[in-house]
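Under this note's numbering, read the sequence shown as residues 32 to 297, first letter to last. Comments concern the structure below.
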Amino acid sequence: MRLKGKTAVVTGAGGRIGLAICSRLAAEGAAVVCADLSSENAEKAAATIRSVGGRALPCRMDVTRSEEVRLMAETALRNFGSVEILINNAGGSAGLFHQLSRFENTTEEIWRRIIDLNLNGTLSCIHALLKQMIQRRYGKIINMSSVAAEKGLFDRVDYAAAKGGILSLTRALALEVGQYNINVNCISPGMITGQTAIPHRGTWLGRSGEPREIAALAAFLASDDSSFITGENHTIDGGRVLGVHTHSRNEKQISAINSIQPEKKQ
Ligand SMILES: NC(=O)c1ccc[n+]([C@@H]2O[C@H](COP(=O)([O-])OP(=O)(O)OC[C@H]3O[C@@H](n4cnc5c(N)ncnc54)[C@H](O)[C@@H]3O)[C@@H](O)[C@H]2O)c1
């Protein structure tokens, strides 16, 4: 119960990762404002928490509309008095609306939409809740980036740019608000599939990640167990950023290499 007495706002609450984060934070004792563009998803997240005795408030809101973000913050503060934890999880690529493409074929409308959803949405939610964190001299802000921020991602130039912006804002904000005991961190997932992992050769663990694994990291960063960590990017990708499998060799191949490389004794 590391988060007992704390209130968390989670955006994109009813999606794959959002739902797992909401459940984990609630299981650790937090009251959770389940904010989502889809009222059905917001309700689903809140109902999941309540079904096991947790405290939750569903909130339909669009992170790209600052007025709705402001209303969400007001509702959270009216209901719970304070918000100590903000998880900026809402986001996604043009795949959300079936418009993935090479940059040469994309449109300004699409890339503005992706930047708005990921980067401006994150900035908006932070702006709406930061002052009350500063007043209370306490806060945990956790932003959802992606391995795309550091490594790029094919057919998702706009998404990679937006996630890179999230990574940069995390570092810059950590500089400003550390003096108020506010930690700002970034989570950069690799490929996270549905509730169970699937075999995946692109990682050194041989599988995709599960939402509960992101949720465990989010709960750690939201708790005081991570009190001296700020401005960091936390990659969680099964070792994918270490590189692809082109250099993996089996024992037979290793023996063959050893046999043609005479031992050099110095
Ligand atoms: N799944 C992955 O492999 C992966 C990898 C790296 C990063 N991420 C990031 O993790 C986060 C969650 O990803 P996911 O796979 O759970 O996504 P998802 O598509 O399963 O869920 C996204 C949720 O956000 C909500 N949403 C969409 N637009 C919104 C808006 N404008 N305002 C508020 N809510 C909105 C949706 O209704 C949905 O409930 C995203 O930021 C994503 O970019 C995911």
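Quick reminder that beta carbons are idealized off the backbone N, C-alpha and C, glycines included.
Asp67 has its Cβ nearer than 7 angstroms to a heavy atom of ligand 1. Sorting Ile141, Ser257, Gly270 by C-alpha distance to the C-alpha of Arg232 places Gly270 at the top. Relative to ligand 1, the beta carbon of Arg47 is positioned inside 7 angstroms of a heavy atom. Ile285 sits in a helix when the DSSP states are folded into three classes. By the 16-neighbour rule on beta-carbons within 10 angstroms, Met32 is exposed.
Ranked by Cα distance from Ser82, the first of Glu244, Asn151, Glu99, Cys53 is Cys53.
By the 16-neighbour rule on beta-carbons within 10 angstroms, Glu59 is buried. Cβ neighbours of Val64 within its own chain (closer than 6 angstroms, five residues either side excluded): Val40, Leu88, Cys90, Ala107.
Where Leu88 is concerned, the enclosing beta strand (DSSP E) starts and stops at 87 to 91.
Ligand 1 approaches Leu148 closely enough that one of its heavy atoms is under 7 angstroms from the residue's Cβ.
If you ignore the 5 residues before and after Ala61, its C-beta comes within less than 6 angstroms of the C-beta of Leu34, Lys37, Ala39, all in its own chain and listed in chain order. When DSSP assignments are scanned along the segment 136 to 175, the uninterrupted stretches of alpha helix (DSSP H) that are 4 or more residues long and fall wholly within it turn out to be 139 to 146, 152 to 167. When the alpha-carbon of His265 is set against those of Glu241, Thr201, Ser286, the nearest one is in Thr201.
Taking all protein chains in view, the Cβ of Glu115 is crowded by 16 or more other Cβ atoms within 10 Å, so the residue is classified as buried. Leu117 sits in a strand when the DSSP states are folded into three classes. Nearest neighbour of Lys75 by Cα position, chosen from Gly49, Ala246, Glu99, turns out to be Gly49.
Between Gly225 and Asn214, the alpha-carbon positions lie close to 29 angstroms from each other.
Around the beta carbon of Arg187, a 10 Å sphere encloses 16 or more other beta carbons of the protein chains shown; the residue is thus reported as buried. In the structure shown, Asp256 falls within a helical segment according to DSSP collapsed to helix, strand and coil. Within the chosen limit of 7 angstroms, ligand 1 reaches the beta carbon of Leu127 through at least one heavy atom. Separation of Gly84 and Leu56 (C-alpha to C-alpha, rounded to the nearest whole angstrom) is 13 angstroms.
Judged by DSSP secondary structure, Ile213 falls within the beta strand (DSSP E) whose first and last residues are 213 to 220. With 16 or more neighbouring CB atoms inside 10 Å of its own CB, Ser219 falls in the buried class. Closest in C-alpha terms to Glu244, from the list Ala51, Thr42, Gly46, comes Ala51. Non-local beta-carbon contacts of Arg133 in its own chain, meaning distances under 7 angstroms to residues more than five positions away in sequence, involve Asp186 in chain order.
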